[in-house]
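Chemist: Add 66 to the 1-based position in the sequence shown for this note's numbering, that's all there is to it.
Have a look at this one.
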Amino acid sequence: MHAPADNFRTPSTWFRFSATMIWLRDMALGRHPLTLWLVNAIVLLMLVGWILWDARFTSTWDHLEFQVGLLDDGSDLDEFANSMAAQWKIFALGIMVVVGAASLAMLTVGMTMGARGHRTLASWMVVLSLGCGWLGLINGWDELVWAGKRMRIDSHVAAFQPIAHSLQADWPKNDGQHDNLGPYMAYPAGQPKTLILLTTPPMAESGPTFSSIERSSAGGIRFQLSGNERGVWLEWHPTGNQPESFVGGLLEPHHLSRSVSLGDGWFLARYDQAAMAS
67 MHAPADNFRT
77 PSTWFRFSAT
87 MIWLRDMALG
97 RHPLTLWLVN
107 AIVLLMLVGW
117 ILWDARFTST
127 WDHLEFQVGL
137 LDDGSDLDEF
147 ANSMAAQWKI
157 FALGIMVVVG
167 AASLAMLTVG
177 MTMGARGHRT
187 LASWMVVLSL
197 GCGWLGLING
207 WDELVWAGKR
217 MRIDSHVAAF
227 QPIAHSLQAD
237 WPKNDGQHDN
247 LGPYMAYPAG
257 QPKTLILLTT
267 PPMAESGPTF
277 SSIERSSAGG
287 IRFQLSGNER
297 GVWLEWHPTG
307 NQPESFVGGL
317 LEPHHLSRSV
327 SLGDGWFLAR
337 YDQAAMAS
């Protein structure tokens with residue numbers, strides 16, 4: 067009656083069991099981690115590039131978190147995911163995250179339980195480097211998003227210059243229409259500080275769009291970007307001035323979060339109120 071257990075303890079049975087486990091290990095991890103290295107590194111670099119070049123990456127990530135249940139409240143999400151192309155972007159991002167996490171986990175397991183190729187010093191160095199890369203991506207997420215916005219918007223500053231110079235020289239006193247802005251409403255009445263655009267400005271066809279313009283007490287011009295680049299302001303300030311917290315013409319306080327100079331008096335700025343107002 068105890069024969070099966072006794073047979074399992076025989077050397078031949080243990081040999082077959084060990085051989086099966088080694089075969090399964092090599093099937094899952096491979097004899098050498100080169101393929102896993104390449105897959106993980108490619109996914110990491112693709113995510114970095116995506117964050118830098120796609121103005122809607124943050125929205126894609128927010129919708130992914132909501133769809134997998136990491137966000138309970140989706141009321142703050144925009145209508146970004148209504149299109150088929152956006153749904154494919156969300157799906158592609160989810161696949162990349164799964165592949166990146168799974169390949170990194172397999173490499174980590176391989177360092178202690180994998181074949182000899184996984185346990186070499188070179189393999190340890192590569193896996194540690196990849197792990198540091200992923201930690202850097204997670205911790206520097208916001209910095210990459212900010213750097214991406216700066217690169218994209220910096221290339222369109224020239225299109226804003228004639229508008230800023232025109233408004234700085236002749237700021238409207240009442241509701242009206244501007245060749246480069248279209249119709250607008252000026253607030254508050256009498257001494258307006260804010261222009262609310264009633265239509266999409268013509269320049270939005272080839273560059274960032276904006277929904278309102280603020281004038282500072284020193285004569286600076288602030289463009290509140292909207293659309294894909296919502297959440298930040300592109301600003302021109304006279305020499306010696308720079309972005310600072312302010313109260314807009316609609317009596318909304320804007321507390322400066324961060325800013326960066328783009329040269330020639332131009333700045334990219336983010337305010338605590340910017341995301342809600344855009």
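We treat Cβ as the ideally placed atom computed from N, Cα and C, and that holds for glycine.
Taking residue 216 and residue 322 to be in contact with their CB atoms under 8 Å, please state how far apart those CB atoms are, rounded to whole angstroms.
Modeler: As a first step, residue 216 is located in the sequence shown; it is residue number 150 there, counting from the start. As a first step, residue 322 is located in the sequence shown; it is residue number 256 there, counting from the start. At roughly 16 Å, the Cβ-Cβ gap does not stay under 8 Å, so residue 216 and residue 322 are not in contact.
Chemist: Alpha carbon to alpha carbon, what distance is there between residue 104 and residue 330?
Modeler: Position 264 of the sequence shown holds residue 330. Position 38 of the sequence shown holds residue 104. Straight-line Cα distance between these residues: approximately 43 Å.
Chemist: Taking 7 Å as the threshold (C-beta atoms), are residue 214 and residue 117 in contact?
Modeler: Against the sequence shown, residue 117 aligns to sequence position 51. Against the sequence shown, residue 214 aligns to sequence position 148. A contact, by the Cβ cut-off of 7 Å.
Chemist: What residue ranges within the stretch 184-249 form continuous beta strand (DSSP E) runs of no fewer than 3 residues, ordered along the chain?
Modeler: With a minimum length of 3 residues, the continuous beta strand (DSSP E) runs that stay inside the stretch 184-249 are 242-244.
Chemist: Identify, in the order they occur along the chain, each residue of the same chain with its Cβ nearer than 6 Å to the Cβ of residue 324, setting aside the five sequence neighbours on each side.
Modeler: Your numbering for residue 324 matches position 258 in the sequence shown. Only 336 meet the Cβ criterion.
Chemist: CA-CA distance, residue 229 and residue 288?
Modeler: Walking along the sequence shown from the start, residue 229 turns up at place 163. Walking along the sequence shown from the start, residue 288 turns up at place 222. Cα to Cα, residue 229 sits roughly 11 Å from residue 288.
Chemist: Counting C-beta neighbours from all protein chains within 10 Å, is the total for residue 126 16 or more, i.e. buried, or is it exposed?
Modeler: Working through the sequence shown from its first residue, we reach residue 126 at position 60. Buried, by the Cβ-count rule.
Chemist: Kindly indicate which three-state DSSP category residue 288 falls into: helix, strand or coil?
Modeler: The residue you call residue 288 lines up with position 222 of the sequence shown. Residue 288 carries a strand assignment under DSSP once its states are collapsed to helix, strand and coil.
Chemist: Any idea which residues DSSP pairs residue 165 with across the strands?
Modeler: The sequence position of residue 165 within the sequence shown is 99, counting from 1. None, per the DSSP bridge assignment.
Chemist: Starting from residue 309, follow its DSSP beta bridges and name the residues at the other end.
Modeler: As a working mapping, residue 309 is identified with position 243 in the sequence shown. Looking at the DSSP assignment, residue 309 forms no beta bridge with any residue, so it has no partner.
Chemist: Could you check which residue in 165, 268, 123 and 162 has the C-alpha nearest to that of residue 152?
Modeler: Position 86 of the sequence shown, counted from the first residue, corresponds to residue 152. Taking only the C-alpha atoms, the option nearest residue 152 is 123.
Chemist: So that I know if they touch, is there some Cβ in chain C lying closer than 7 Å to that of residue 303?
Modeler: The structure shown contains no chain C, having only a single protein chain.
Chemist: Residue 319 by DSSP, collapsed to three states: which one?
Modeler: Position 253 of the sequence shown holds residue 319. Strand.
Chemist: The alpha helix (DSSP H) with residue 278 in it runs from where to where?
Modeler: On the sequence shown, position 212 is the one that residue 278 refers to. No alpha helix (DSSP H) holds residue 278; the beta strand (DSSP E) holding it covers 276-281.
Chemist: For residue 259, verify whether its CB is less than 6 Å away from any heavy atom of the ligand ZN.
Modeler: This structure does not include the ligand ZN; it has no bound ligands of any sort.
Chemist: Measure the alpha-carbon distance for residue 115 versus residue 182 and round it to whole angstroms.
Modeler: Taking the sequence shown and counting its residues from 1, one reaches residue 115 at position 49. Taking the sequence shown and counting its residues from 1, one reaches residue 182 at position 116. Residue 115 and residue 182: Cα-Cα distance of roughly 33 Å.
Chemist: Report, in whole angstroms, the separation of the C-beta atoms of residue 316 and residue 260, which I expect to be a contact under 8 Å.
Modeler: Working through the sequence shown from its first residue, we reach residue 316 at position 250. Working through the sequence shown from its first residue, we reach residue 260 at position 194. With 8 Å as the limit, residue 316 and residue 260 qualify as a contact, their Cβ atoms being about 6 Å apart.
Chemist: Can you find the residues in the same chain that come closer than 7 Å, C-beta to C-beta, to residue 326, ignoring five residues on each side of it along the sequence?
Modeler: Locating residue 326 in the sequence shown gives position 260, counting from the first residue. Hits under 7 Å: 216, 333 and 334.
Chemist: Would you be able to state if there are at least three C-beta pairs under 8 Å between the stretch 304-319 and the stretch 235-242?
Modeler: With a cut-off of 8 Å, the stretch 304-319 and the stretch 235-242 do not count as touching, because too few Cβ pairs lie within range.
Chemist: With distances taken from CA atoms, which of 170, 264, 111 and 274 is nearest residue 220?
Modeler: Position 154 of the sequence shown, counted from the start, is the residue given in the question as residue 220. Of the listed residues, the one whose Cα sits closest to residue 220 is 274.
Chemist: What number of angstroms, rounded off, separates the C-alpha of residue 158 from the C-alpha of residue 285?
Modeler: To locate residue 158, count along the sequence shown from 1; it is residue 92. To locate residue 285, count along the sequence shown from 1; it is residue 219. Going by the C-alpha atoms only, they are around 46 Å apart.
Chemist: Residue 267 and residue 297: beta carbons closer than 7 Å?
Modeler: Within the sequence shown, the letter at position 201 stands for residue 267. Within the sequence shown, the letter at position 231 stands for residue 297. No; because the gap between Cβ atoms is not below 7 Å, this pair is not in contact.
Chemist: For residue 176 and residue 106, which I take to be in contact (beta-carbon distance under 8 Å), what is that distance rounded to the nearest angstrom?
Modeler: Taking the first residue of the sequence shown as 1, we reach residue 176 at position 110. Taking the first residue of the sequence shown as 1, we reach residue 106 at position 40. About 12 Å separates the two Cβ atoms, so there is no contact after all.
Chemist: Extract the residue ranges of the beta strand (DSSP E) inside the stretch 247-271, only unbroken runs of 3 or more that lie entirely within it.
Modeler: 248-253 and 260-263
Chemist: Candidates 251, 250, 272 and 102: which alpha carbon is nearest residue 171's?
Modeler: Position 105 of the sequence shown, counted from the first residue, corresponds to residue 171. Measuring from the Cα of residue 171, the nearest candidate turns out to be 102.
Chemist: Out of 262, 253, 227 and 280, state which residue places its alpha-carbon closest to the alpha-carbon of residue 269.
Modeler: As a first step, residue 269 must be located in the sequence shown, where it is residue number 203. Answer by Cα proximity: 227.
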